[in-house]
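What follows is a set of notes on a single structure, which appears directly below.
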Amino acid sequence: MSVHAIRGAAGVALGALAAGAFMVSAAQAENVTLKMWALTNANYPGYIAERAAAFKELYPNVDVVLESTPNEAYKTAIQVALVGSEPPDVFFNWSGEDAARLAREGLALDITELGEMEGGFRHSLSEAWQSSFMLDGRNFGVPTNAVTKYFYYNTTFFAEHGLSEPATFGELLGLCRTIREIDPAIVPMPLGNSERWKLNHFITLLDERVIGMENTAADYALTAPDDELFTNPGYAAAWGKVLELQDAGCFQDAPNATSPEATRAMFSSGIAPIIFCGSWCAGIFDDDGFRDYALFRFPPVEGGASDGDSNMVIPEGVQISAKTKHPEEAVAWASFLVSGESSLERAKVMKQLPSNAERIADLEGATEQFKWIATDMASLGGSFNVLDVLLEASVANAYLDIGVEILNGTKTPDEAVAAIREVALEAKKKMNAN
Amino acid sequence: MTPDNRPNDRQQRDRRVVSSRLATLLLLLPALGLCAVFIFIPATLAIAGSLFEIGISFSNWRFVGFDNYVRVFNDAVFWIALRNNLIIVVGSIVLQVGGGTLLATLLDRGLPRYSTVYRTIIFAPMVISTVAIALIWLMILDPNTGALVAAMRVVGFPMPRLGWLGDPNIAIWTILVIAAWQYTGFMMVLILAGLQGISRDLYEAAALDGAKGMRAFWYITLPSIRNVVLVAILITTIGGIKVFDLVFATTQGGPANSTQVLGTYIYLQAFNLGNMGYANAISVVLLVFAVILGWAQLRATRRA
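Heads up: the protein sequence lines correspond to chains A and B, in order. Residue numbering for the first sequence follows the working numbering, beginning at 161 and increasing consecutively. Residue numbering for the second sequence follows the working numbering, beginning at 1452 and increasing consecutively.
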């Protein structure tokens, strides 16, 4: 999905979502309870409860019940639930392969026509946003917001020691070394990779910075010829950059045994001066009472293919179970979640960048950091999805495992790429056989 | 009884035999029904499914014959998982049953006072959910803020650089220790019950013959609790084969598959990677492995 197009969403989404006008004849006849599944997030139950109450004013016979599951458990729990007999009607998902796989397997409902109804999401979201949950030109989900990644840094620490934002990857390495010189006990940039996905975000960025989006596309889609698949030397170079970060003392000793929560706590409590964290982390730090931070983008790598004008952007949204007994109400609810009012509430309560930006100008009380993220995302020259939701499942799993091995020193960058290539060739063979 | 009513008696006897068999069958039906629903039908489906390539939705079945089994035996991670299961089985027998026996002996004969208090403390981890135990140990072993790291720093003991659960060479052993912490108390209680059934006269008689301490333990205590120990080994072996929760909640099979056990690997293949057919094949191999071990254990128990 092009971020230019996302940026244009605010302009394109002119018509206010007349959710009340979304006519659902069946909804008027029977009491309906929509079961919704989402990731565990401290602010989400409150947001959904408030939105569900507003939705009930328009649809008095529809109740929404939210069930939350932690991040890692969610990915598998949702698949099991969707195969079972009592799946959630509406469920959170990331765009990319995670969503596409459910669509291909017939577990996610094709909501193209329902979305066209009056007040439906097809009228309030730009084509670019919609494309993040599309497969073969059909809508299989409603994007609600997007997340991205930044380096967060402690402004007081930086000011005290005369440090500044790095403009290149080399400067980032230098920053780590300087912080270690200030105090060897300080971990400049703790990495919590116990769930494997944290380093995956690093390598997603590094692949793009070193090789460039265009040069990775065929490999990621498994459409490159067999003799070329994952043979670009840039892949090994990108893994090498991870080792450079490690050698510069950026990370702590045991990143694979450290949880993401622990590293966030290290940053918000002032123990660590930098953290590479999602745009969602701003809300977490704010809730922790820590506001003494600013952000910068992943810098360009010297000699790399990217100028650093792009960033990883992961559209998130909701999908509808193919087994739902209430498809119209479910789509009405999903559409309601991307109405101007709901999107404004999302930005306020969840501190997320909504897919429908028509009322974003009404946002009051936003932190400086949130405004900075919103402005930066709007100014991106390009975007790409994160590897663990973009790649075919077995290749994504190989990437996740190999990240662990690179950090542990049990695989060299060349061995890492060879292992990924082997899995990718097998996945491509299987994909073509089907 | 007259000759005239003999056929009648036979008929009645036959009827009694038939009704007795019918009653037996009827009484067995609920158990058989439950076994069929929860064991036989799923096992049959798993065996059938292992011959197909199946996605997560079960919508497309493609017959692949024994390809999944060939893949199982060529899969390096499968062998790591099997090895880890064996480590957990053997390690748990040594730590849990061995440790439980020692603790039970100590409580039965060595501690004159407060044995109930000690017994309760040692048994307590058993009643805590495994996931809670995993979370507690994750906090204790955290390489940055964990209590163990802090304590070791104080005494100057070197810590593994990659962390107790982050180092692929020691993570499985760490999990083994956590499992032992949880279940040794249960083994202790089991064996203690056996020890308390041993007549004191035996020890007194043995003492008169000069058998005390270790000799008494070796020649009186151990033979007397042999059946209890075998049951404890059987329980531990079953637990080691089907282990899932502790591994999943602590490492999810990582780092880099080094703590993968068959249970977590089946889960990974089925639900993370969507290879239901392949996951079925691993399940069938696990089933065969469990049946062989169970059969061997039962034979050993019967002999005992």
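In this text, a Cβ means the ideal position worked out from N, Cα and C, and glycines have one as well. Model, not experiment: these values are computed from the prediction.
Just the C-alpha distance for Val1548 (chain B) and Pro1706 (chain B), rounded to the nearest angstrom, thanks.
Position 97 of the second sequence holds residue 1548 (chain B). Position 255 of the second sequence holds residue 1706 (chain B). Between the alpha carbons of Val1548 (chain B) and Pro1706 (chain B) lies a gap of roughly 28 angstroms.
In the DSSP output, which residue or residues are listed as bridge partners for Glu1504 (chain B)?
For the purposes of this step, residue 1504 (chain B) is identified with residue 53 of the second sequence, where counting begins at 1. Answer is B:Arg1513.
Which residues, in order along the segment 396 to 418 of chain A, keep a beta-carbon less than 7 angstroms from a beta-carbon of chain B?
Gln412, Asp413, Ala414, Asn416, Ala417 and Thr418
Short of 7 angstroms in beta carbon distance, which residues of its chain neighbour Val1736 (chain B), apart from the five on each side in sequence? Order them along the chain.
As a first step, residue 1736 (chain B) is located in the second sequence; it is residue number 285 there, counting from the start. Counting only Cβ-Cβ distances below 7 angstroms, and skipping sequence neighbours, we find Val1523.
For Lys571 (chain A), which three-state DSSP category applies?
Counting from 1 along the first sequence, the entry for residue 571 (chain A) is found at position 411. The answer is coil: DSSP assigns Lys571 (chain A) none of H, G, I, E or B.
Under the three-state reduction of DSSP, which class applies to Met472 (chain A): helix, strand or coil?
Numbered from 1 along the first sequence, position 312 holds the residue referred to as residue 472 (chain A). Met472 (chain A) falls in the strand class under three-state DSSP.
Range of the contiguous beta strand (DSSP E) that encloses Gly1714 (chain B)
Looking up residue 1714 (chain B) in the second sequence gives position 263. Run containing Gly1714 (chain B): none in the beta strand (DSSP E); it sits in the alpha helix (DSSP H), Leu1713 to Tyr1718.
Closer than 9 angstroms between beta carbons: that is the criterion. Which residues of the segment 1605 to 1628 of chain B meet it against chain A?
Met1610, Pro1611, Arg1612, Leu1613, Gly1614, Trp1615, Leu1616, Gly1617, Asp1618, Pro1619 and Ala1622
Proximal residues to Arg1513 (chain B) (C-beta, below 7 angstroms), its chain only, five neighbours per side dropped:
Against the second sequence, residue 1513 (chain B) aligns to sequence position 62. Excluding positions up to five away in sequence, the list reads Phe1503 and Glu1504.
Per-residue burial, Trp1588 (chain B) [other beta carbons within 10 Å of its own, 16 or more giving buried]:
For the purposes of this step, residue 1588 (chain B) is taken as the residue at position 137 of the second sequence. Looking at its Cβ environment, which holds 16 or more other Cβ atoms inside 10 Å, Trp1588 (chain B) is buried.
Look up Asp223 (chain A) in the DSSP assignment and say whether it is helix, strand or coil.
Within the first sequence, residue 223 (chain A) is the residue found at index 63, counting from 1. Asp223 (chain A): strand per DSSP, three-state reduction.
Rounded separation between Lys483 (chain A) and Pro303 (chain A) - CA only:
Taking the first residue of the first sequence as position 1, residue 483 (chain A) is located at position 323. Taking the first residue of the first sequence as position 1, residue 303 (chain A) is located at position 143. Computed Cα separation, rounded: 20 angstroms.
For Ala396 (chain A), which residues in the same chain have their Cβ closer than 8 angstroms to its Cβ, ignoring the five residues on either side in sequence?
Looking up residue 396 (chain A) in the first sequence gives position 236. Same-chain partners within the cutoff: Pro573, Asp574, Ala576 and Val577.
Note down, one range per segment and in chain order, each alpha helix (DSSP H) of at least 4 residues found wholly within the segment 1646 to 1676 of chain B.
1651 to 1659 and 1664 to 1667
State the start and end residues of the unbroken beta strand (DSSP E) segment that holds Pro303 (chain A).
As a first step, residue 303 (chain A) must be located in the first sequence, where it is residue number 143. Residues Val302 to Asn314.
Is there contact here, the segment 195 to 203 of chain A with the segment 217 to 233 of chain A, by at least three beta-carbon pairs under 8 angstroms?
yes
Under 9 angstroms (Cβ pairs) to chain B, residues found in the segment 417 to 438 of chain A
Ala417, Thr418, Ser419, Ala422, Thr423, Ala425, Met426 and Ile431
Does any C-beta atom of chain A lie closer than 7 angstroms to the C-beta of Ile1760 (chain B)?
In the structure displayed, chain B extends from 1452 to 1755; residue 1760 (chain B) sits before or after that span and is not available.
Within 8 angstroms, do at least three Cβ pairs link the segment 1620 to 1633 of chain B to the segment 427 to 434 of chain A?
no
Under 7 angstroms (Cβ pairs) to chain A, residues found in the segment 1708 to 1739 of chain B:
Asn1708, Phe1722, Asn1723, Leu1724 and Gly1725
Considering Ile271 (chain A), what are the terminal residues of the alpha helix (DSSP H) in which it resides?
Within the first sequence, numbered from 1, the residue matching residue 271 (chain A) stands at position 111. Here Ile271 (chain A) belongs to no alpha helix (DSSP H), and DSSP marks it neither H nor E.
In angstroms with no decimal places, state the Cα-to-Cα distance between Leu1562 (chain B) and Tyr1569 (chain B).
Stepping through the second sequence from its first residue, residue 1562 (chain B) is reached at position 111. Stepping through the second sequence from its first residue, residue 1569 (chain B) is reached at position 118. Distance between the alpha carbons of Leu1562 (chain B) and Tyr1569 (chain B): 9 angstroms.
If you measure beta-carbon to beta-carbon, which residues of the segment 552 to 571 of chain A are closer than 7 angstroms to chain B?
Ala553, Ser554, Asn557, Asp561, Val564, Glu565, Asn568 and Thr570
What does Thr484 (chain A) touch in chain B if you count any residue whose Cβ is under 9 angstroms from its own?
What you label residue 484 (chain A) is simply residue 324 of the first sequence in a count that begins at 1. Neighbours of Thr484 (chain A) on chain B: none; closest Cβ ~15 angstroms, over 9 angstroms.
Using a Cβ-Cβ distance cut-off of 7 angstroms, determine whether Ile236 (chain A) contacts chain B.
Here residue 236 (chain A) corresponds to residue number 76 of the first sequence, with the count starting at 1. The sequence shown places Thr at residue 236 (chain A), not Ile. Interface residue (Cβ-Cβ distance to chain B less than 7 angstroms): Thr236 (chain A) is classified as such.
DSSP three-state assignment for Leu600 (chain A), whether helix, strand or coil
This structure leaves residue 600 (chain A) out entirely; chain A is present only between 161 and 594.
Taking all protein chains shown into account, decide if Met591 (chain A) is buried (16 or more other Cβ within 10 angstroms of its Cβ) or exposed.
As a position in the first sequence, residue 591 (chain A) is number 431, starting the count at 1. That one is exposed.
Can you list, in chain order, the residues of its chain whose CB lies under 7 angstroms from that of Glu404 (chain A), leaving out five sequence neighbours each side?
Within the first sequence, the letter at position 244 stands for residue 404 (chain A). Answer for Glu404 (chain A): Leu333, listed in chain order.
Would you say Gln479 (chain A) faces chain B, with C-beta separation under 7 angstroms as the test?
Here residue 479 (chain A) refers to the residue found at position 319 when the first sequence is read from its first residue. No - not a single Cβ of chain B is within 7 angstroms of the one on Gln479 (chain A).
Separation of Asn568 (chain A) from Leu1480 (chain B), as counted between CA atoms:
If you number the second sequence from 1, residue 1480 (chain B) lands on position 29. If you number the first sequence from 1, residue 568 (chain A) lands on position 408. One C-alpha to the other measures close to 55 angstroms.
Let's test the definition: count the other Cβ atoms within 10 Å of the Cβ of Asn191 (chain A) and tell me whether it reaches 16, buried, or not, exposed.
What you label residue 191 (chain A) is simply residue 31 of the first sequence in a count that begins at 1. Under this definition Asn191 (chain A) is an exposed residue.
Partner residues on chain A for Asn1519 (chain B), Cβ-Cβ distance less than 8 angstroms:
Counting from one through the second sequence, the residue named residue 1519 (chain B) turns up at place 68. Chain A residues near Asn1519 (chain B): none, gap ~13 angstroms exceeds 8 angstroms.
In whole angstroms, what separates the C-alpha of Ala408 (chain A) from that of Arg340 (chain A)?
As a working mapping, residue 408 (chain A) is identified with position 248 in the first sequence. As a working mapping, residue 340 (chain A) is identified with position 180 in the first sequence. Cα-Cα distance, rounded: 9 angstroms.
Could you please give the first and the last residue of the uninterrupted alpha helix (DSSP H) stretch that includes Phe252 (chain A)?
Within the first sequence, numbered from 1, the residue matching residue 252 (chain A) stands at position 92. Where Phe252 (chain A) is concerned, there is no enclosing alpha helix (DSSP H), although the beta strand (DSSP E) it sits in stretches over Val250 to Trp254.
What does DSSP give as the partner residue(s) for Cys437 (chain A) in the beta ladder?
To locate residue 437 (chain A), count along the first sequence from 1; it is residue 277. For Cys437 (chain A), which the question treats as bridged, DSSP gives the partners A:Tyr310.
So Arg506 (chain A) and Tyr207 (chain A) are in contact, right, with Cβ under 8 angstroms, and what is the actual spacing, rounded?
Translated into positions along the first sequence, residue 506 (chain A) becomes position 346. Translated into positions along the first sequence, residue 207 (chain A) becomes position 47. That belief holds up - the Cβ atoms of Arg506 (chain A) and Tyr207 (chain A) are roughly 7 angstroms apart, short of 8 angstroms.
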